[in-house]
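Notes for the one structure printed next.
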Amino acid sequence: MVRPGKSTKRSGKRAKAMVRGHAITKLNTVAKEPSSDKGRLGKRVGLVRKVIRDVSGFAPYEKRVMDLIQAGGKDEKKALKLCKKRLGTHQRGMKKRESLRAVLQSMRKH
Numbered sequence: 607m608v609r610p611g612k613s614t615k616r617s618g619k620r621a622k623a624m625v626r627g628h629a630i631t632k633l634n635t636v637a638k639e640p641s642s643d644k645g646r647l648g649k650r651v652g653l654v655r656k657v658i659r660d661v662s663g664f665a666p667y668e669k670r671v672m673d674l675i676q677a678g679g680k681d682e683k684k685a686l687k688l689c690k691k692r693l694g695t696h697q698r699g700m701k702k703r704e705s706l707r708a709v710l711q712s713m714r715k716h
């Protein structure tokens, strides 16, 4: 369908260029989306959490999970079940168990 006032014929056999809108200069790099930083741990928040952990220590269920991890064997699974029960989801439970395992390893090194 052709708009009124526009012809279908073109002079020559070249394609017509689209020159519309405000003239801009294109950037070489693409700007990073702000949403990609969401959830990333910052320096200040990490430090605050570390200080709070040092002052308040571990929750009773976390101590129990650490004992189960130290026992090893089938108790690893019990530790995960306990974390899942307290935190609500399987993924959160696994993450908590791994973080407590890392704490135990760092305590062994020192």
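Here this note's numbering is used: the first residue of the sequence shown is 607, the next is one more, and so on.
Ideal Cβ placement from N, Cα and C applies to all residues, glycine included.
Please read all numbers here as calculations on a predicted model, not as lab measurements.
- In the DSSP assignment, residue 705 falls within the unbroken alpha helix (DSSP H) covering 696-715.
- Note on geometry: alpha-carbon atoms of residue 675 and residue 649 lie some 29 Å from one another.
- For the set 668, 647, 628 and 629, the Cα lying nearest the Cα of residue 707 is the one of 668.
- Of the other Cβ atoms in all chains shown, fewer than 16 fall within 10 Å of the Cβ of residue 629; this residue is therefore exposed.
- Using a Cβ-Cβ distance cut-off of 8 Å, the stretch 675-688 and the stretch 696-716 are in contact, since at least three pairs of beta carbons, one from each stretch, lie closer than that value.
- Note on geometry: alpha-carbon atoms of residue 695 and residue 624 lie some 54 Å from one another.
- DSSP, reduced to helix, strand and coil, places residue 677 within a helical segment of the structure shown.
- For residue 653, the enclosing alpha helix (DSSP H) starts and ends at 649-662.
- Relative to residue 677, the option among 634, 710 and 643 whose CA is nearest is 710.
- In this structure, the alpha-carbon of residue 657 lies about 35 Å from that of residue 637.
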